[in-house]
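Below is one structure, written out as structure tokens; the observations come after it.
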Amino acid sequence: MNPNDYLSAALLITGAVFFLAGTLGLLRFPDVYTRLHALTKADNVGLGLMVVGLAVQAESWSVVGKLLLIWWLVLIAGASVAHLIASGALQRGIRMWKP
Amino acid sequence: MTLLTWIFDSLLGLSLLWLAWRALACPNLFKAIVLFVAFGLLMALAWVRLAAPDVALAEAAIGAGLTGALLMAALAKLHPTEAHNDFAVPPEKNVTKVWSWQWLPAITILLVTTGLGYVVLSLPPYATGLSTEVAANLEISGASNPVTAVLLNFRGYDTLLEIVVLLLALLGVWSLNSADLDHKAAPGIVLDTLARLLTPIFILVAAYLLWVGAHAPGGAFQAGAVLGAAGVLLLLAGWRPRTGLMALPLRLVLVIGPAIFVIVAMLTLLIAGQMLEYPPTQAGALILILETAATVSIGVTLAALFLGGDPRKNNRNKNHT
Amino acid sequence: MQPLYLALALFLLLNLGAGMWRVLRGPTAADRMLAAQLFGTTAVAILLLLAQATANAALRDIALVFALLATMTAVAFVRRAWPNREANHESK
Amino acid sequence: MSTAFLYALVGTGLFALGLYALIVHAHLLRKILALNIMGSGVFMVLVALAKRTGDAPPDAVPHAMVITGIVVAVSATALALTLMLKLNAKSGHAELPDDRRE
Numbered sequence: 015m016n017p018n019d020y021l022s023a024a025l026l027i028t029g030a031v032f033f034l035a036g037t038l039g040l041l042r043f044p045d046v047y048t049r050l051h052a053l054t055k056a057d058n059v060g061l062g063l064m065v066v067g068l069a070v071q072a073e074s075w076s077v078v079g080k081l082l083l084i085w086w087l088v089l090i091a092g093a094s095v096a097h098l099i100a101s102g103a104l105q106r107g108i109r110m111w112k113p
Numbered sequence: 009m010t011l012l013t014w015i016f017d018s019l020l021g022l023s024l025l026w027l028a029w030r031a032l033a034c035p036n037l038f039k040a041i042v043l044f045v046a047f048g049l050l051m052a053l054a055w056v057r058l059a060a061p062d063v064a065l066a067e068a069a070i071g072a073g074l075t076g077a078l079l080m081a082a083l084a085k086l087h088p089t090e091a092h093n094d095f096a097v098p099p100e101k102n103v104t105k106v107w108s109w110q111w112l113p114a115i116t117i118l119l120v121t122t123g124l125g126y127v128v129l130s131l132p133p134y135a136t137g138l139s140t141e142v143a144a145n146l147e148i149s150g151a152s153n154p155v156t157a158v159l160l161n162f163r164g165y166d167t168l169l170e171i172v173v174l175l176l177a178l179l180g181v182w183s184l185n186s187a188d189l190d191h192k193a194a195p196g197i198v199l200d201t202l203a204r205l206l207t208p209i210f211i212l213v214a215a216y217l218l219w220v221g222a223h224a225p226g227g228a229f230q231a232g233a234v235l236g237a238a239g240v241l242l243l244l245a246g247w248r249p250r251t252g253l254m255a256l257p258l259r260l261v262l263v264i265g266p267a268i269f270v271i272v273a274m275l276t277l278l279i280a281g282q283m284l285e286y287p288p289t290q291a292g293a294l295i296l297i298l299e300t301a302a303t304v305s306i307g308v309t310l311a312a313l314f315l316g317g318d319p320r321k322n323n324r325n326k327n328h329t
Numbered sequence: 044m045q046p047l048y049l050a051l052a053l054f055l056l057l058n059l060g061a062g063m064w065r066v067l068r069g070p071t072a073a074d075r076m077l078a079a080q081l082f083g084t085t086a087v088a089i090l091l092l093l094a095q096a097t098a099n100a101a102l103r104d105i106a107l108v109f110a111l112l113a114t115m116t117a118v119a120f121v122r123r124a125w126p127n128r129e130a131n132h133e134s135k
Numbered sequence: 006m007s008t009a010f011l012y013a014l015v016g017t018g019l020f021a022l023g024l025y026a027l028i029v030h031a032h033l034l035r036k037i038l039a040l041n042i043m044g045s046g047v048f049m050v051l052v053a054l055a056k057r058t059g060d061a062p063p064d065a066v067p068h069a070m071v072i073t074g075i076v077v078a079v080s081a082t083a084l085a086l087t088l089m090l091k092l093n094a095k096s097g098h099a100e101l102p103d104d105r106r107e
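Residue numbers (this note's numbering), protein chains in the order written: chain A, 15 to 113; chain B, 9 to 329; chain C, 44 to 135; chain D, 6 to 107.
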């Protein structure tokens, strides 16, 4: 393994930890508004770290470009869907969790 | 490493079976649809594991995008005034199960499945099928991606008929219903921006898949599905095409794929004496022309299917009232 | 590196399986939809890892299509299938 | 067991689950889901058996057939959903008359 591989492995494993955090958030958070964090933050950061980790290994710049495009699309999708669901849930009077 | 892939495959297979079971057994129809969408997502992963990236692309575009949207829209029309949570089938109506003697089909199907499983397992573990013939004729086919060569050259008439089937399904839908062309509630700035931002990328990706299909996974069906998804997203965002486009222009776009296919079939019949037998030197160009026309037709047909009815009937009614 | 890619793909698949619990549990339709949306992101990551592990560039195109269509079902849900009034199970 | 046979058995199982649900459920939306899952099972058996080529690339003919099959399945689903909605609009039920239990 060369230094690149170590960097890549570290990024990929950190990304996987964020995915785990996202799943935990999805399962453990008390209401739909807090669960949106799992979608918009944890998993998108996890995918970002994985994209960077794989980009380090990529054979050409076009692959790096495609990886970044995929991440950007997922970010846009996550942000828009989170907004639509949150505003829809507010309109429909789904109550927020109070500690 | 082989152990890892084996665990991955088993887990994926079990998840697929479990998802299918839950989607078909849970009383809540909305939950069933969400589970079915997740099922489509995992099916795409299974195609990847089976070394069928072309199929995975089609499944990703259709299973993850179009089917979910179609089912959601149908469910909403089925229960327009549904106030209770999640479209649960009420238990007092007892409509989920009609048979009080469910053990009979269960046992019959168990026997049939055991037989099927036995037949599958008794097949020879190594079989090349037609892959050697495909590989031998790949050079004269005009495409270096074997799946595209099969679809557009070796079994071109199959593909022609399948595009006609799409058109027939649309005609069936049109004969049953009129489309709802009224402008829906304002989409809001986020959805509006999303649709405007993504539509050019959808078209670009569709063109990319069409182009790359000659030598790598991709092709007319995948590109058409992505194009259709773009149309569905626009329709969901509240965009409605101008009524003038709904009469002749829409119909022309719908038939351009099958029409060009038929023209090429007739020409090759006249010149080469065989339907859809391309001269090897022009095969590449012919396939690209056919695929471009087919992509446009498939995309527009899928979007029109989502509209769920004849867009012209609606206009006529409106003009009279 | 290949075993690492595969192990991480397997890990993400397990993650996805755990998220299935939220689809089953709900309680609101929005929760189920949210979980399905997360599956899309996870599937993109799995595809990218498998693309690197098997050196198959086509899998990145599949991930691209997934990422592009990630919004479709959720937008259809929000625009069409979401009931106007939803029983609030949270307060019980 | 090889990957091909593992997935072929999963396909058989999906077909069986779909067939059972198609018979016992009355709601037409569920029947449409069941038909789709049956179709997926058949597709999976086809593609899995095409992979029995060892290390050589798999047979492309079933792949091509399954791709067209997936696209035709979604259009058939759209037609079936429209039929269901029409029946529901006319009769107020999304079940076939024989299956309804009053």
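Yeah, the Cβ is synthetic: ideal placement off N, Cα and C, and Gly gets one too.
When you compare only the Cα positions, how much space is there between residue 103(B) and residue 23(D)? For the purposes of this step, residue 103(B) is identified with residue 95 of the second sequence, where counting begins at 1. For the purposes of this step, residue 23(D) is identified with residue 18 of the fourth sequence, where counting begins at 1. For residue 103(B), the predicted structure reports a pLDDT of 44, less than 50, and the residue's modelled location is therefore unreliable. The matter cannot be settled from this model.
Whose Cβ in chain D lies nearer than 9 angstroms to the Cβ of residue 39(B)? Within the second sequence, residue 39(B) is the residue found at index 31, counting from 1. The contacting residues do not exist; residue 39(B) stays about 11 angstroms from chain D at best.
Report yes or no: is there a C-beta of chain C within less than 8 angstroms of the C-beta of residue 76(B)? Residue mapping note: residue 76(B) aligns to position 68 of the second sequence, counting from 1. So, interface residue.
Is it right to say residue 18(A) is buried, meaning 16 or more other beta carbons lie within 10 angstroms of its own, or is it exposed? Stepping through the first sequence from its first residue, residue 18(A) is reached at position 4. Looking at its Cβ environment, which holds fewer than 16 other Cβ atoms inside 10 Å, residue 18(A) is exposed.
How would you list, in chain order, the residues of chain G whose beta-carbon sits under 7 angstroms from the beta-carbon of residue 62(A)? Checking the listed chains, one finds no chain G in this structure; the protein chains it contains are A, B, C and D.
Looking at C-alpha atoms only, which residue of 134(B), 248(B) and 154(B) is the closest neighbour of residue 223(B)? For the purposes of this step, residue 223(B) is taken as the residue at position 215 of the second sequence. Measuring from the Cα of residue 223(B), the nearest candidate turns out to be 154(B).
DSSP has residue 2(D) in a bridge; who is on the other side? This structure cannot speak to residue 2(D), because chain D is shown only from 6 to 107.
Do you know whose CA, among 124(C), 113(C) and 126(C), lies nearest residue 203(B)'s CA? The count along the second sequence starts at 1 and reaches residue 203(B) at position 195. For residue 203(B), the nearest C-alpha among the options comes from 113(C).
Within 8 angstroms, strictly: CB atoms of residue 39(A) and residue 30(A): Working through the first sequence from its first residue, we reach residue 39(A) at position 25. Working through the first sequence from its first residue, we reach residue 30(A) at position 16. Going by C-beta atoms, residue 39(A) is not nearer than 8 angstroms to residue 30(A).
Hey, is residue 67(A) close to the ligand MG, as in C-beta under 7 angstroms from one of its heavy atoms? The ligand MG is not part of this structure, which contains no ligands at all.
Residues of chain C with CB under 8 angstroms from residue 204(B), in chain order? Position 196 of the second sequence, counting from 1, holds the residue named residue 204(B). Ordered by position in chain C, no residue passes the 8 angstroms Cβ test against residue 204(B), which lies about 13 angstroms from the chain.
is_contact[residue 104(A), chain C] using C-beta, thresh 8 angstroms: By 1-based counting over the first sequence, the position of residue 104(A) is 90. No - not a single Cβ of chain C is within 8 angstroms of the one on residue 104(A).
Could you tell me the boundaries of the alpha helix (DSSP H) in which residue 123(B) lies? As a working note, residue 123(B) is residue 115 in the second sequence. From DSSP, the alpha helix (DSSP H) with residue 123(B) extends over 111 to 129.
Roughly how many angstroms lie between the CA atoms of residue 161(B) and residue 103(C), to the nearest whole one? In the second sequence, the residue the question calls residue 161(B) occupies position 153. In the third sequence, the residue the question calls residue 103(C) occupies position 60. Note on geometry: alpha-carbon atoms of residue 161(B) and residue 103(C) lie some 27 angstroms from one another.
Between the stretch 112 to 144 of chain B and chain C, which residues of the former have CB atoms less than 9 angstroms from a CB of the latter, in chain order? none
Beta-carbon neighbours of residue 90(A), restricted to chain B and to distances below 8 angstroms: Numbered from 1 along the first sequence, position 76 holds the residue referred to as residue 90(A). Neighbours of residue 90(A) on chain B, chain order: 202, 205 and 206.
7 angstroms CB neighbourhood of residue 44(A) in its chain, flanking five on each side removed: Taking the first sequence and counting its residues from 1, one reaches residue 44(A) at position 30. Listed in chain order, the non-local C-beta contacts of residue 44(A) below 7 angstroms within the same chain comprise 111, local neighbours out to five positions each way being set aside.
With H, G and I counted as helix, E and B as strand and the rest as coil, what does DSSP make of residue 186(B)? Here residue 186(B) is taken as the residue at index 178 of the second sequence, counted from 1. In the three-state DSSP reduction, residue 186(B) falls in the strand class (E or B).
Taking only beta-carbon positions, decide if residue 76(A) is within less than 8 angstroms of chain B. Reading the first sequence from its first residue, position 62 is the one you call residue 76(A). No - not a single Cβ of chain B is within 8 angstroms of the one on residue 76(A).
Could you say if the stretch 227 to 242 of chain B and the stretch 305 to 323 of chain B meet the contact criterion of at least three C-beta pairs nearer than 8 angstroms? yes
Determine the direct distance from the alpha carbon of residue 173(B) to that of residue 60(B), and round the result to whole angstroms. The residue you call residue 60(B) lines up with position 52 of the second sequence. The residue you call residue 173(B) lines up with position 165 of the second sequence. Cα-Cα distance, rounded: 24 angstroms.
Grouping DSSP H, G and I as helix and E and B as strand, with all else coil, what is residue 18(A)? Residue numbering aside, residue 18(A) sits at position 4 when the first sequence is read from its first letter. In the structure shown, residue 18(A) sits in a helix (DSSP, three-state: H, G or I).
Could you say if the stretch 60 to 67 of chain C and the stretch 211 to 218 of chain B meet the contact criterion of at least three C-beta pairs nearer than 8 angstroms? no
Near residue 100(B), what residues of its chain come up, given a Cβ to Cβ distance below 8 angstroms and the 5 sequence neighbours on each side ignored? Here residue 100(B) refers to the residue found at position 92 when the second sequence is read from its first residue. Per-residue confidence for residue 100(B) stands at a pLDDT of 40, beneath the threshold of 50, marking its modelled position as unreliable; the derived number appears in the next sentence. Taken in chain order, the list of residues that qualify is empty.
Excluding the 5 residues flanking residue 55(B) on each side, which residues of the same chain have their C-beta closer than 8 angstroms to its C-beta? By 1-based counting over the second sequence, the position of residue 55(B) is 47. So the list reads 61, 63, 64 and 67, once near-sequence residues are dropped.
Cα-Cα separation between residue 76(C) and residue 73(B), rounded to whole angstroms: By 1-based counting over the third sequence, the position of residue 76(C) is 33. By 1-based counting over the second sequence, the position of residue 73(B) is 65. Going from the Cα of residue 76(C) to the Cα of residue 73(B) covers about 14 angstroms.
Per DSSP, cross-strand counterpart(s) of residue 45(A): The sequence position of residue 45(A) within the first sequence is 31, counting from 1. In the DSSP output, where bridge partners are listed per residue, residue 45(A) has none listed.
Please classify residue 118(B) as buried or exposed, where buried requires at least 16 neighbouring CB atoms within 10 angstroms. Mapped onto the second sequence, residue 118(B) falls at position 110. With fewer than 16 other Cβ atoms within 10 Å, it is exposed.
Can you tell me which of the three DSSP states residue 36(B) falls into? On the second sequence, residue 36(B) is found 28 positions in, with the first residue counted as 1. Residue state, collapsed to three classes: strand.
Indicate whether at least one CB of chain A lies closer than 8 angstroms to the CB of residue 133(C). The residue you call residue 133(C) lines up with position 90 of the third sequence. Caution applies to residue 133(C), whose pLDDT of 33 falls short of 50 and renders its modelled position unreliable; the value that the coordinates give is listed next. So, interface residue.
How would you call residue 277(B), buried or exposed, if buried means at least 16 neighbouring beta carbons within 10 angstroms? As a first step, residue 277(B) is located in the second sequence; it is residue number 269 there, counting from the start. So residue 277(B) ends up on the exposed side.
In this structure, does DSSP put residue 318(B) in helix, strand or coil? Looking up residue 318(B) in the second sequence gives position 310. Residue 318(B) falls in the strand class under three-state DSSP.
Report yes if the CB atom of residue 66(D) is closer than 8 angstroms to the CB atom of residue 16(D), and no otherwise. Reading the fourth sequence from its first residue, position 61 is the one you call residue 66(D). Reading the fourth sequence from its first residue, position 11 is the one you call residue 16(D). For residue 66(D) and residue 16(D), no; Cβs fall outside 8 angstroms.
Inter-residue CB distance, residue 58(A) and residue 88(A) (contact presumed, cutoff 8 angstroms): Residue numbering aside, residue 58(A) sits at position 44 when the first sequence is read from its first letter. Residue numbering aside, residue 88(A) sits at position 74 when the first sequence is read from its first letter. Indeed they touch by this definition, with Cβ atoms about 6 angstroms apart.
Anything in chain D within Cβ reach of residue 67(B), meaning under 8 angstroms, just list it in chain order. In the second sequence, counting from the first residue as 1, residue 67(B) sits at position 59. Within chain D, the residues near residue 67(B) are 75.
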